[in-house]
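In structure tokens:
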């Protein structure tokens with residue numbers, strides 16, 4: 144999301160045409176995903192309430208992305224190309240990708256990059272530091288991260304202090320994205336490319352592992368992309384999808400049916416549909432994988448609370464991360480998505496304020512489900528995160 148003159152420096156990978164399937168299931172009747180046990184009690188049992196923002200044993204800390212931001216700021220005009228792929232578009236006071244402008248209607252500026260990196264930290268907390276779940280073995284030779292964003296999955300791991308590049312020094316690791324926002328200084332076997340992941344696949348073949356995080360809801364053709372991945376993987380290779388399902392859940396009846404976050408997510412489905420995508424598409428991960436040719440799919444879950452209401456300290460930290468990420472997402476979708484629905488600025492501000500207040504109510508024990516879906520070319524593995532929200 145080309146070849147680079149320096150390791151980690153993104154360049155434009157040529158592509159022609161695109162592949163689109165009408166494979167997004169109807170958005171009006173979205174089922175709840177099957178919840179299976181994950182490697183921890185939080186996925187098997189309801190979360191125990193009892194935490195608040197004022198808990199003496201827990202002081203929420205602000206995610207510090209300064210070191211990551213400093214690394215990104217080292218990019219200069221001398222890094223390889225002075226072409227349009229390095230240019231950006233500015234709207235509504237935010238910065239967006241200019242290459243294939245409008246394809247991904249989410250900013251790529253520092254604020255959004257820090258939010259994305261915070262979500263990475265949240266997922267590491269929720270999964271005991273696991274960067275992936277697919278059983279790819281000890282010696283994969285080709286790995287690609289589709290929709291790599293800041294590249295943090297390939298080059299950062301705050302809990303393990305190891306990167307995917309460090310874990311597999313003999314592997315070629317590619318990160319693909321529409322925006323050239325990745326750091327320049329990365330492990331020597333990591334390379335970033337600028338392209339649309341849904342264009343004709345020109346990224347090579349024989350991949351051992353294809354990784355996507357938070358991508359399925361913004362894909363116009365999830366099955367088309369997964370078929371492309373299937374056709375360019377080694378026999379026995381693996382693909383892993385990691386997504387939050389976009390829905391709101393509650394185990395103990397404390398959430399009203401018209402809770403503000405429920406209303407927000409329902410409107411978000413309508414807004415994403417304007418772009419030909421589905422904000423709840425992660426629910427259909429198993430279906431997409433089966434249609435693309437993968438088999439033996441498994442589903443693993445974790446819970447991501449909305450806010451700091453859980454008693455468990457780690458779950459409160461996860462909830463703080465997730466709540467902050469949601470609050471920073473409201474103005475993002477308000478600037479474009481909700482305007483397409485005809486909402487006024489005042490209407491949006493009222494709903495977003497209600498959502499912020501709702502996520503600070505310790506008496507409502509709401510959460511969302513998210514997941515990592517992994518599948519093999521000959522055998523398949525499907526895993527999902529479960530999160531509050």
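Residue numbers (this note's numbering): 144 to 532. We treat Cβ as the ideally placed atom computed from N, Cα and C, and that holds for glycine.
**OP:** Output the distance between the C-alpha atoms of residue 526 and residue 277, rounded to the nearest integer angstrom.
**Re:** For residue 526, the predicted model reports a pLDDT of 37, less than 50, meaning its position is unreliable and no value from the coordinates is stated.
Subject >> Separation of residue 455 from residue 331, as counted between CA atoms >> reply: Inter-residue distance for residue 331 and residue 455 is about 39 Å (C-alpha atoms, whole angstroms).
Original post:
How big is the Cα-Cα spacing for residue 405 and residue 266?
Top reply: 22 Å
Original post:
According to DSSP, is residue 377 helix, strand or coil?
Top reply: Judged by DSSP in its simplified three-state form, residue 377 adopts strand.
Original post:
Using the rule of at least 16 other Cβ atoms within 10 Å of the residue's Cβ for burial, across every protein chain shown, is residue 478 buried or exposed?
Top reply: Residue burial annotation: residue 478 is buried, with at least 16 other C-beta atoms found within 10 angstroms of its C-beta.
**OP:** Kindly identify the DSSP beta-bridge partner or partners of residue 484.
**Re:** Bridge partners of residue 484: none, in fact.
**OP:** Check the DSSP bridge columns for residue 417 and list the partner residues they point to.
**Re:** The partner list for residue 417 (beta bridge, DSSP) is empty, contrary to what the question assumes.
Subject >> Whether residue 290 touches residue 340 by CB criterion (7 Å) >> reply: yes
Subject >> residue 471 vs residue 403 beta-carbon contact at 7 Å >> reply: No; because the gap between Cβ atoms is not below 7 Å, this pair is not in contact.
Original post:
Would a C-beta distance cut-off of 7 Å place residue 320 and residue 359 closer than the cut-off?
Top reply: no
Subject >> Inside the segment 461-510 only - alpha helix (DSSP H) runs reaching at least 4 residues >> reply: 480-483 and 488-501
**OP:** Please confirm whether residue 388 and residue 426 have their CB atoms less than 7 Å apart.
**Re:** yes
Subject >> Collapsed DSSP secondary structure at residue 255 in the structure displayed >> reply: helix
**OP:** Note down the Cα distance separating residue 529 from residue 274, rounded to an integer number of angstroms.
**Re:** Because residue 529 carries a pLDDT of 36, less than 50, the predicted location of this residue cannot be relied on, and the following value inherits that uncertainty. Distance between the alpha carbons of residue 529 and residue 274: 16 Å.
Original post:
Which partner residues of residue 315 appear in the DSSP bridge assignment?
Top reply: 285
**OP:** Assign residue 454 to one of three DSSP states: helix, strand, or coil.
**Re:** coil
Original post:
So what does DSSP say about residue 513, is it helix, strand or coil?
Top reply: strand
Original post:
Does the distance from the C-beta atom of residue 352 to that of residue 435 stay below 7 Å?
Top reply: In this structure, residue 352 keeps its C-beta atom at 7 Å or more from the C-beta atom of residue 435.
Subject >> Residues that DSSP places opposite residue 329 in a beta bridge >> reply: According to DSSP, which records beta bridges pairwise, residue 329 is partnered with nothing at all.
Original post:
In three-state terms, what does DSSP make of residue 293?
Top reply: coil
**OP:** Determine the closest residue to residue 437 out of 489, 467 and 380, with distance taken between C-alpha atoms.
**Re:** 380
Original post:
By how many angstroms is the C-alpha of residue 482 removed from the C-alpha of residue 325?
Top reply: Their Cα atoms are separated by approximately 30 Å.
Subject >> Cα-Cα separation, residue 463 to residue 449 >> reply: Distance between the alpha carbons of residue 463 and residue 449: 7 Å.
Original post:
Where residue 281 and residue 491 are concerned, what is the direct C-alpha to C-alpha distance, given to the nearest angstrom?
Top reply: Looking at the two C-alpha atoms, the distance is approximately 49 Å.
Subject >> Own chain, CB closer than 7 Å to residue 363, minus 5 neighbours either side, in chain order >> reply: 163, 341, 419 and 420
**OP:** Note the first and the last residue of the continuous alpha helix (DSSP H) segment covering residue 432.
**Re:** 428-435
Original post:
Considering only C-alpha positions, which residue in the set 501, 333, 190 and 337 is nearest to residue 322?
Top reply: 337
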